[in-house]
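Before any comments, here is the structure.
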Amino acid sequence: MKNVAERRCIRLENKVSELNGRITEMEHVLQNHYEALKKAEQWAGLVDEHIGELSEVTEGILSLTR
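Sequential numbering from 5 applies to the sequence shown in the numbering used here.
Structure, rendered in structure tokens:
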């Protein structure tokens with residue numbers, strides 16, 4: 005009976021170890037996605053700035069042609 009319990013314990017420890025490995029992999033993936041989202045957010049901010057500048061320039065050009 006003791007051997008059965010020991011084998012079960014070893015299987016459970018192996019499963020826990022496997023799951024911990026998967027969790028670590030998922031954490032890395034999530035960190036990479038988070039960093040990519042932060043970069044995308046920065047780019048979106050730059051695009052918004054340039055759209056605002058282009059809008060101002062366009063308004064200026066239109067006011068000169070009136």
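Positions of the beta carbon are idealized from the N, C-alpha and C atoms, including for glycine.
For residue i, which three-state DSSP category applies?
i	result
Arg11	helix
Leu70	Position check: residue 70 holds Arg in this sequence, whereas Leu was assumed. It is coil, neither helix nor strand.
Met5	coil
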